[in-house]
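See structure below.
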Amino acid sequence: MPSVRIWDLPTRLFHWVLALAVVLLVISAKVGGDAMHLHMRLGYLVFALLLFRLVWGVLGGHWSRFARFVPTPARLRAYLRGSPEASLHAGHNPLGALSVLAMLAVLSLQVASGLFADDEIAYSGPLTARASHALIKLATRWHTGPGQALVLALVALHVAAIVWYWRRGQNLVRPMLSGDKTLAQAVPASRDGAGTRAAAVLVLAAAAAVVYAVVQWGARASLG
1 MPSVRIWDLP
11 TRLFHWVLAL
21 AVVLLVISAK
31 VGGDAMHLHM
41 RLGYLVFALL
51 LFRLVWGVLG
61 GHWSRFARFV
71 PTPARLRAYL
81 RGSPEASLHA
91 GHNPLGALSV
101 LAMLAVLSLQ
111 VASGLFADDE
121 IAYSGPLTAR
131 ASHALIKLAT
141 RWHTGPGQAL
151 VLALVALHVA
161 AIVWYWRRGQ
171 NLVRPMLSGD
181 KTLAQAVPAS
191 RDGAGTRAAA
201 VLVLAAAAAV
211 VYAVVQWGAR
221 ASLG
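Numbering (the UniProt record's numbering), first residue to last: 1 to 224.
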């Protein structure tokens, strides 16, 4: 059975850095106080990572592209019926893809609401000076309430799925560490050479520049 490069290095680094950032975001939010300075910076990091993943979903390795794993009803039905088709199992399976998309959507909402949130104690988002009182109030309620609960629920679901598949003999963690998967059928490999990695650095730099521009835009309003 051939070993195939499924996850390119940029995708793997994105996954693990995002996972660590989310854990630290939850901890810093619970600690509060001075830890909110770390919370804010971690939020900027997640903002940049999400922008990176949006672009990498178009430019990244074969199995990292949204076109390859966004589940259609037909693919979802085939997977639930136990189809052995290699393309359903090589990268994100259709159920895993739904979980990934949900996590990206919820984290995007958390980042967006965090930019406008204000707890009136230790944290004020960089775009509060650009927003109305009503929007700030709504963003704060979402960020500290339903948004946070959804993130925790999706993290718990993600971990539970890893354990469930592991008990069924599928190790989902190892391929996200090594990048390679041993498959019964041949499938296209993801590009993961120097050119791909250089492109990822450029995409991440552009994402960081966008985050910096957004924060500075809010800062100019607060100073003016």
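Positions of the beta carbon are idealized from the N, C-alpha and C atoms, including for glycine.
| Item | Value |
| --- | --- |
| Cα-Cα separation between K181 and S83, rounded to whole angstroms | 18 Å |
| At least three beta-carbon pairs within less than 8 Å, the segment 63-71 to the segment 208-224 | no |
| Cβ neighbour criterion (16 or more within 10 Å) applied to D6 | It should be noted that the sequence gives Ile, not Asp, for residue 6. Buried, by the Cβ-count rule. |
| DSSP-derived helix/strand/coil call for R130 | helix |
| Length of the line joining the Cα atoms of L172 and L51 | 24 Å |
| Where V4 falls: helix, strand or coil (DSSP) | strand |
| Check whether D8 and S190 have beta carbons under 7 Å apart | yes |
| Same chain only: Cβ atoms within 6 Å of residue 229, ignoring 5 sequence neighbours per side | Shown here, the chain extends from 1 to 224; a query on residue 229 therefore has no answer. |
| Proximity test, H37 beta-carbon vs the ligand SAH heavy atom, cut-off 6 Å | Among the components modelled here there is no ligand, and therefore nothing to report on the ligand SAH. |
| Assigned secondary structure, T140 (DSSP; H/G/I helix, E/B strand, else coil) | helix |
| Cβ-Cβ separation, S99 to H158 (assumed contact under 8 Å), whole Å | 6 Å |
| Cβ-Cβ distance between A112 and V211 below 7 Å | no |
| Of the listed residues L42, P10, R81, nearest to L54 (C-alpha basis) | P10 |
| Cβ-Cβ distance between V46 and A29 below 7 Å | no |
| Neighbour-count burial assignment, W16, 16 or more Cβ in a 10 Å radius | exposed |
| Selection from R130, A134, R141, L101 that minimises the alpha carbon distance to D119 | R141 |
| Residues sharing a beta bridge with K181, DSSP | V4 |
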